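Structure, as structure tokens:
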Amino acid sequence: MIAGYSQQGNNQEAFKLLSRMQKHNMDPNGVTFASILKACSGTASMSENRLLHAYIVESALDSDDFLGSSLTDVYAKGGGLEDARKVFDCITTRSVVTWTTIIAGYAQVEDGEEAIQLFKKMCKEGIEPNKLTFASLVRACAAMADSTSVMLVHSEIIRAGFDLDVVLGSALVDVYAKHGKIEDAENVFNGLQERNIVTWSSMIGGYAHSSGHGLKALQIFQQMLAGDIAADVSIYVGLLRACSGLEAITYGRLVHGSLLEKGLECHKFVVSSLIDMYAKCKSIEDAYTVFQMATCHDVVTFSAMIFGYALQGFDKDAIHLFYEMVKLAQVPDTVTFVSVLKSCSNSASMMDGKLIYSYIVESQLEKDIHVGNSIVNMLTTCSGMEDAKCAFNQLQERDNVSWTTMITGYAQAKDYSLALRYYQDMKEEGWNPDSVSLVSILSACNQETLVAEGCEHFEAMKMCNIMPLEDHFNCMVDLLGNAGLLEEATDLLLCMPNGFDVIGWTSVLSHCSSLQNVEIGRNCFEHVMALDSYKAGAYVLVCDLFQSTGMDKDAILTEKLRQSSYALEKSGDAAVKGCDELQHLCAIGRETFHSKDMNCKHHAVPNIKSVQNMVAR
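According to the working numbering, the sequence shown holds residues 5 to 621 in order.
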């Protein structure tokens with residue numbers, strides 16, 4: 005009877021019968037408790053688990069290893085890991101089932117480190133792990149910082165001689181994919197003889213989360229359908245994420261249609277994923293239509309819509325929807341606050357920013373690092389750097405984003421000395437700069453004409469494994485131009501790995517105009533014209549250069565070229581004519597070229613050659 009009640013989930017009646025047994029001096033035996041524990045696993049409350057544990061102790065059966073293992077399982081699955089560990093530590097003879105149970109418990113709370121340590125102890129005690137042990141261990145690796153642990157566990161699985169079945173294989177695919185090890189996930193996935201919905205979902209989700217693999221997610225979905233496997237919500241969420249990354253609204257609409265056919269469009273995670281997909285595909289009206297048609301609005305759907313508005317620059321709509329959310333007694337979470345603070349920052353709305361900040365304090369989320377960073381960022385644009393500095397100093401923990409926000413804020417406020425000081429403090433705190441912070445630092449060096457420091461920071465990108473982008477090159481080029489080092493600036497432009505950049509060449513051209521360097525100026529003008537023959541500013545700069553150096557004929561020809569290029573902007577004939585005149589101008593210029601001495605600084609540029617070599621590699 006007791007076991008029957010427990011199996012039906014009626015634990016209260018089961019405990020009443022236990023109490024009646026004891027009142028009638030009928031002591032339950034190990035079999036009775038074992039059947040109750042088996043039925044209660046994962047269903048009983050913590051108080052019920054502890055009551056059952058007390059009955060076992062009263063019956064002097066707490067030294068029974070089998071009951072100890074069962075209690076460990078009940079506590080672990082019921083969320084009482086500390087109680088489970090106490091019971092586990094008291095068991096004298098632990099079986100592979102007992103070890104697997106406690107490892108699975110730590111995997112459930114995402115404590116991979118302790119799960120690994122327990123596995124090592126298990127092996128030292130001579131207990132051979134089984135497939136369930138390894139499956140739990142693999143899942144425990146999901147929350148760990150890097151993929152080293154799962155790779156070691158995978159090698160242990162191979163060493164133990166286990167074939168990858170659908171459970172173990174799916175776990176490996178899932179964890180490899182979550183760590184961004186897509187090739188490893190693919191290798192395991194392709195080697196599986198049997199796949200279930202979890203396997204497919206993990207692989208599709210892995211592709212969807214990994215940059216540049218969105219199309220593969222759509223392709224293996226077709227492969228899955230060919231195998232007569234029906235998609236579930238997790239599959240569709242992965243597909244929508246893939247469409248978001250690709251900005252593939254056509255595919256997204258097809259997935260949406262399939263969801264409607266299957267009646268899955270009302271699931272809250274589907275709704276939020278649809279909103280996210282349409283927003284990232286720049287179809288904010290469709291995103292709002294999905295939001296409006298949702299059967300119920302909760303924090304997930306509100307946050308998705310507010311994020312979409314903020315992403316596409318509909319800042320007033322994002323702020324308005326936030327207030328609507330609060331009116332409906334929905335409690336914002338970190339995603340909501342981060343998104344709406346971004347809109348406050350974009351719109352420079354100090355009043356809204358302060359009001360939302362009060363909501364954050366009321367929600368006690370200001371200590372969250374993501375929310376804290378968003379507050380600092382909002383204050384840099386809405387209030388000023390003094391308020392941003394106060395918020396920054398109040399952060400209980402700081403990360404790369406925290407420091408970058410302050411560095412960028414000071415650079416935008418034109419307080420370059422403080423930007424450089426915070427950059428130095430950031431490095432002293434052990435944080436490496438990122439691409440964004442380095443743009444601000446190079447910009448600060450440019451404004452202060454700190455050539456040596458700029459070259460040093462540019463070269464430091466190599467040590468930080470940061471690929472210089474156009475913004476970094478343009479800052480350096482402008483810095484060198486400001487210092488009068490025009491040849492070094494053009495050499496650096498020629499080293500750009502992603503082709504030429506019209507902004508960089510125009511920048512050097514402007515410095516050539518100031519320094520009256522016709523030779524390099526003409527070269528820059530040719531590069532600008534090759535990239536964008538309608539760049540009006542380039543014509544003006546080179547005309548000024550020619551006029552200031554007495555080359556009036558060349559200035560007149562350039563002005564004619566500008567007028568003819570602009571006469572019929574979209575005409576192919578006009579474009580061809582413009583190119584012919586440009587070639588004629590350059591030919592005349594080379595024949596009649598005369599230069600004046602460069603009025604520039606001929607000091608050495610520290611590290612600039614090594615910077616060029618670094619980029620060339």
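The beta carbon of each residue, even a glycine, is placed where N, CA and C say it ideally should be.
From a predicted model like this one, the values you see are computed outputs, not experimental measurements.
Backbone CA spacing between residue i and residue j [nearest angstrom]
i      : j      : result
Leu565 : Asp495 : 28 angstroms
Asp584 : Ser511 : Bear in mind that a pLDDT of 43 at Asp584, under 50, signals an unreliable position, so the number given afterwards is only what the model happens to contain. Taking the straight line joining both Cα atoms gives about 25 angstroms.
Thr97  : Asn194 : 40 angstroms
Leu473 : Val440 : 10 angstroms
Ile524 : Lys466 : 29 angstroms
Tyr282 : Ile288 : 6 angstroms
Leu222 : Thr137 : 33 angstroms
Asp356 : Val365 : 14 angstroms
Asn486 : Ala493 : 10 angstroms
Ser347 : Ile162 : 51 angstroms
Thr398 : Tyr361 : Before going further, note that residue 398 is Gln rather than Thr in the sequence given. Using only the alpha carbons, I get a separation of about 14 angstroms.
Lys284 : Arg402 : 29 angstroms
Asn623 : Ala322 : Since the displayed the chain opens at 5 and closes at 621, residue 623 lies outside it and no answer follows.
Lys431 : Tyr292 : 43 angstroms
Leu589 : Ser568 : Unreliable placement is indicated for Leu589, whose pLDDT of 42 sits below 50; the coordinate value is still reported in the next sentence. Cα-Cα distance, rounded: 13 angstroms.
His271 : Asp236 : 11 angstroms
Gln428 : Asn450 : 17 angstroms
Thr104 : Ala144 : 12 angstroms
Where residue i falls: helix, strand or coil (DSSP)
i      : result
Gln334 : coil
Ala352 : coil
Thr299 : coil
Phe318 : coil
Trp435 : coil
Ala175 : helix
Leu264 : helix
Thr96  : coil
Thr166 : The residue you asked about is not Thr; residue 166 is Phe in the sequence shown. Here Phe166 sits in coil by DSSP.
Gln368 : coil
Gly184 : coil
Ala308 : helix
Glu198 : coil
His374 : helix
Ile233 : coil
Leu399 : coil
Glu390 : helix
His324 : helix
Asp419 : coil
Met602 : Unreliable positioning characterises Met602 in this predicted model, as indicated by a pLDDT of 34, which lies under 50. The coordinate reading is nonetheless provided below. Looking at Met602 - three-state DSSP - the assignment turns out to be coil, as it is neither helix nor strand.
Glu251 : coil
Lys81  : helix
Cys459 : helix
Gly216 : coil
Met555 : coil
Ser206 : helix
Cβ pair residue i, residue j closer than 9 angstroms
i      : j      : result
Ser406 : Phe396 : yes
Val157 : Val142 : yes
Asp87  : Arg54  : yes
Met555 : Val532 : no
Leu519 : Leu498 : no
Ala456 : Tyr414 : no
Leu172 : Lys135 : yes
Ile107 : Arg89  : no
Leu513 : Ala542 : yes
Glu198 : Ala164 : no
Asp626 : Val506 : Not covered by the structure: residue 626. The range shown for the chain is 5 to 621.
Phe326 : Thr340 : yes
Gly218 : Ala181 : no
Gln121 : Leu85  : no
Ala308 : Ser353 : no
Closest residue to residue i among the options (Cα-Cα distance)
i      : options                        : result
Phe306 : Val100, Asp337, Cys285, Val157 : Asp337
Asp280 : Ala235, Gly312, Asp232         : Gly312
Ala534 : Cys547, Leu549, Trp509, Tyr211 : Trp509
Pro501 : Gln334, Glu265, Ile253, His476 : His476
Ser238 : Leu489, Met329, Ile208         : Ile208
Met4   : Val443, Val259, Glu118         : Residue coverage of the chain in this structure runs from 5 to 621, which leaves residue 4 outside it and unanswerable.
Gly261 : Val274, Gly488, Met389, Leu498 : Val274
Glu190 : Ser206, Ile201, Ser568         : Ser206
Asp178 : Ser151, Ala164, Asp167, Asp429 : Ser151
Gly4   : Ile373, Lys358, Glu114         : Past the edges of the chain, shown from 5 to 621, lies residue 4, and the structure says nothing about it.
The ligand GTP heavy atom lying under 8 angstroms from the CB of residue i
i      : result
Glu251 : Absent from the structure shown: the ligand GTP. Ligands present: none.
Within-9 angstroms CB hit, residue i to chain B
i      : result
Ser214 : Here chain B cannot be found, since the structure has a single protein chain.
query: Going along the chain, which unbroken runs of the alpha helix (DSSP H) with 4 or more residues stay wholly within the segment 467 to 552?
result: 474 to 486, 490 to 498, 506 to 519, 522 to 535, 540 to 552
- request: Scan the segment 87 to 159 and note each continuous alpha helix (DSSP H) run of 4 residues or more that stays entirely inside, going in chain order.
  value: You should have 100 to 112, 116 to 128, 135 to 144.
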